[in-house]
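First comes the structure, then the notes that go with it.
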Amino acid sequence: MAERMTKEKIDREDGYLYYLGKDGFAWRTPMKSNKRGRKAKVGSEKVKREDGFLYFIDKSGFVARSKMNRKGRR
C-alpha cells in the first residue's frame, strides 16, 4: 500500500512521463510521440527520500511512496 508524501496535486497532460527527480521535485519529460514537449519541473514541494522506498506519482496526481520488495536482499 502506498502512502502520500505531498499535499500538492500535479495535473497530468497526455504525452508526458512524470517522475520524482534526484533533487526531490516532480518533473515531466515528453514521450517519443510528443515532438513539441519540453522537460519541466511541475512540483514545488520537495520530497526527502529514504532508502528502501520506491517514489512515484500516483493516479490522483500526488507524490507517493511504497516499500520496495527485494525478495530477501538488502
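Numbering (our numbering), first residue to last: -18 to 55. Quick reminder that beta carbons are idealized off the backbone N, C-alpha and C, glycines included. All values reported here derive from a predicted model rather than from experimental measurement.
Under the three-state DSSP convention, the category residue i falls into
| i | result |
| --- | --- |
| E(-16) | strand |
| V44 | strand |
| R30 | coil |
| R19 | coil |
| R9 | strand |
| I(-9) | coil |
Exposure label - residue i; buried when at least 16 CB within 10 Å
| i | result |
| --- | --- |
| L35 | exposed |
| G33 | exposed |
| R9 | buried |
| A7 | buried |
| G53 | exposed |
| M12 | exposed |
| M(-14) | buried |
For the region 40 to 55 against the region -16 to 2, are there 3 or more C-beta pairs whose distance is under 8 Å? yes
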